[in-house]
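Contents: one structure, followed by commentary.
Numbering (the numbering used here), first residue to last: 3 to 548.
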């Protein structure tokens with residue numbers, strides 16, 4: 003018997019060795035071809051080549067056939083990778099945005115260098131340390147704003163309504179991008195936390211925000227806002243879940259080729275095990291934020307509300323590469339408590355034109371939550387309660403945002419209004435809406451609805467089929483409805499237009515704290531979340547269906 007076991011073990015080792023040698027042989031063959039091509043180029047190409055450029059291009063092309071999350075960071079991009087994982091960088095502490103050939107400060111963070119130096123949202127950047135930056139891309143301007151901690155740069159800006167340019171001296175600091183961008187105690191002691199990403203120690207920041215809310219009042223419930231959260235470190239998600247789920251609960255399992263690599267469990271005893279929860283999500287909620295939302299849904303611990311999430315069920319690891327670079331590589335898929343993986347795209351399968359395969363709903367599989375509710379894999383997390391977005395109404399709010407018209411108007415508005423009422427009571431009045439409408443008319447703003455664009459495509463198809471003339475009367479009647487007058491288009495999207503205007507205007511006076519103060523009062527999803535939290539029966543109907 004012993005001899006048989008030893009023989010079987012030796013046979014298995016031999017088999018593994020053969021497989022390893024086969025894999026190694028395949029790699030060596032391809033590397034040999036690549037090396038030979040490089041040598042032939044070096045020996046015979048007519049012009050001088052930059053082999054570093056060629057090699058980086060070859061790596062990028064190779065990784066294209068994996069997935070968008072497997073990325074090579076050359077040595078000079080190490081700081082980008084560090085910011086992604088830690089949320090830290092050395093700079094002035096402000097987001098920027100580009101309009102035409104000019105880059106503007108968009109949101110100077112409160113108490114950070116740009117804010118302390120007097121920079122305001124809407125300031126156009128003219129020069130940095132004497133170098134003109136008009137015409138530069140936002141990426142080039144950003145690289146000039148960053149630098150070593152403690153160094154000072156001189157920035158010349160143009161502020162709307164101020165005749166002469168302003169010169170500001172800004173001393174760079176280490177900027178820690180907050181993971182909790184805002185938290186507040188809403189009506190009747192319901193808490194709200196807007197959580198932006200999962201970087202190092204972000205779970206501690208979340209826990210501190212939750213404790214701060216609990217210290218101010220006896221919490222009756224909590225809204226966790228994960229909209230726009232792209233995810234990050236998986237372990238931080240497990241720690242955040244530990245606030246609400248029993249210690250030792252398996253919340254995430256990572257697998258590669260059906261082999262379990264790691265099981266993440268909640269590491270602490272929960273302080274808020276019975277606190278009613280609503281989690282807000284949208285189509286930009288991804289990765290670790292989907293782990294939090296999906297786990298709370300699978301365990302029937304929270305009502306998930308909003309729009310279907312992005313659908314990223316993949317896990318990345320960073321590997322050091324010779325020469326100082328790093329490879330962020332997808333190493334596994336993750337599975338949440340019901341056993342499902344919510345990955346929406348299968349990058350191992352591609353269409354004839356090279357596009358990855360998106361799993362249709364018809365091919366997804368059913369799983370069940372702790373209370374027996376049906377949930378599905380693939381395609382992200384489907385919310386328990388769906389909330390409409392601006393795209394579900396008219397399209398002009400989206401178009402105006404893409405064209406930066408809210409940003410432009412806010413610059414003009416601030417120049418004419420030195421002060422406004424407090425953020426907690428500010429509203430976009432009908433007077434402001436009339437001013438905005440007149441502004442759009444004065445610049446001769448052209449708006450084409452999505453449906454009107456499709457109508458143009460239909461006209462081309464009808465012409466191709468020889469049917470255009472016979473359908474001309476019907477088409478003319480249809481087109482008159484697809485392109486409503488400006489006032490009518492704005493009225494269709496009134497809620498979202500007013501919300502976007504308020505956010506831009508308040509940011510000029512009260513920074514992002516002011517925008518959030520308005521946001522939590524007026525956002526449809528937050529208002530709906532409060533309706534559920536204040537009605538235990540509504541919560542129960544979702545989480546404990548009969």
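From the three backbone atoms N, C-alpha and C, an ideal C-beta is built for every residue, glycine too.
Contact under 8 Å by Cβ, residue i with residue j
i: residue 513; j: residue 167; result: no
i: residue 344; j: residue 296; result: yes
i: residue 125; j: residue 107; result: yes
i: residue 161; j: residue 122; result: yes
i: residue 335; j: residue 233; result: no
i: residue 347; j: residue 303; result: no
i: residue 416; j: residue 504; result: no
i: residue 92; j: residue 218; result: no
i: residue 428; j: residue 506; result: no
i: residue 90; j: residue 30; result: no
i: residue 535; j: residue 278; result: yes
i: residue 201; j: residue 87; result: yes
i: residue 508; j: residue 449; result: no
i: residue 207; j: residue 181; result: yes
Limits of the beta strand (DSSP E) - the one that residue i falls within
i: residue 75; result: 73-75
i: residue 257; result: 252-258
i: residue 530; result: No beta strand (DSSP E) contains residue 530, which is instead part of the alpha helix (DSSP H) from 526-535.
i: residue 194; result: 192-197
i: residue 86; result: Unbroken run through residue 86 is the alpha helix (DSSP H), 80-88; no beta strand (DSSP E).
i: residue 328; result: 327-337
i: residue 352; result: 347-352
i: residue 224; result: 223-227
Proximal residues to residue i (C-beta, below 7 Å), its chain only, five neighbours per side dropped
i: residue 363; result: 381
i: residue 434; result: 503
i: residue 522; result: 186, 188, 194 and 528
i: residue 12; result: Any reading at residue 12 must be qualified, since the residue scores a pLDDT of 44, below 50, and its modelled position is unreliable; the value itself is stated next. Once the five neighbours on either side are set aside, residue 12 has no close Cβ partner at all.
i: residue 537; result: none
i: residue 403; result: 502
i: residue 556; result: Limits of the chain in this structure are 3 at one end and 548 at the other, which puts residue 556 out of reach.
i: residue 4; result: Note that residue 4 has pLDDT 47, beneath the 50 cutoff, so the model's placement of it is unreliable and the number below is only indicative. Excluding residues within five positions, none has a Cβ falling inside 7 Å.
N- and C-terminal bounds of the alpha helix (DSSP H) containing residue i
i: residue 538; result: 538-545
i: residue 443; result: 432-444
i: residue 410; result: 407-418
i: residue 296; result: 290-300
Same chain, Cβ closer than 6 Å to residue i, neighbours up to 5 away in sequence not counted
i: residue 196; result: 183, 184 and 227
i: residue 2; result: Outside the modelled stretch of the chain, which goes from 3 to 548, sits residue 2, for which no answer is possible.
i: residue 543; result: none
i: residue 517; result: 505, 508 and 509
i: residue 85; result: 91
i: residue 330; result: 73, 318 and 320
i: residue 147; result: 93 and 94
i: residue 9; result: Here the model assigns residue 9 a pLDDT of 49, short of 50, so the residue's position is not dependable and the matter cannot be decided.
Other residues of its chain near residue i: CB distance less than 8 Å, five sequence neighbours each side excluded
i: residue 104; result: 126, 127 and 136
i: residue 546; result: 302 and 373
i: residue 275; result: 246, 247 and 248
i: residue 539; result: none
i: residue 481; result: 454 and 457
Alpha-carbon spacing of residue i relative to residue j, whole angstroms
i: residue 280; j: residue 253; result: 18 Å
i: residue 32; j: residue 53; result: 18 Å
i: residue 236; j: residue 379; result: 19 Å
i: residue 115; j: residue 491; result: 41 Å
i: residue 422; j: residue 179; result: 28 Å
i: residue 158; j: residue 287; result: 37 Å
i: residue 112; j: residue 255; result: 39 Å
i: residue 445; j: residue 405; result: 12 Å
i: residue 27; j: residue 41; result: 21 Å
i: residue 519; j: residue 292; result: 26 Å
i: residue 548; j: residue 541; result: 13 Å
i: residue 1; j: residue 165; result: No answer is possible for residue 1: the residues shown for the chain start at 3 and end at 548.
i: residue 361; j: residue 270; result: 36 Å
i: residue 37; j: residue 384; result: 48 Å
i: residue 272; j: residue 251; result: 11 Å
i: residue 163; j: residue 419; result: 10 Å
i: residue 151; j: residue 170; result: 17 Å
i: residue 477; j: residue 407; result: 31 Å
i: residue 212; j: residue 426; result: 22 Å
heavy atom of the ligand MG below 7 Å from residue i C-beta
i: residue 271; result: Absence of the ligand MG is noted for the structure shown, with no ligands found whatsoever.
ask   = Looking at C-beta atoms only, is the number of pairs between the segment 135-145 and the segment 57-75 that lie closer than 8 Å three or more?
value = no
query = Three or more C-beta pairs closer than 8 Å, one from the segment 256-265 and one from the segment 300-312: is that the case here?
reply = no
message = So, does the segment 459-474 touch the segment 529-543, judging by three or more C-beta pairs under 8 Å?
response = With fewer than three CB-CB distances shorter than 8 Å, the segment 459-474 does not count as touching the segment 529-543.
inquiry  = Under 8 Å, with one C-beta from each stretch per pair, do the segment 470-478 and the segment 70-85 reach the 3-pair mark?
reply    = no
key: Segment contact flag, the segment 351-368 with the segment 80-100, C-beta cutoff 8 Å, min 3 pairs   = Here the segment 351-368 does not lie against the segment 80-100, with fewer than 3 beta-carbon pairs under 8 Å apart.
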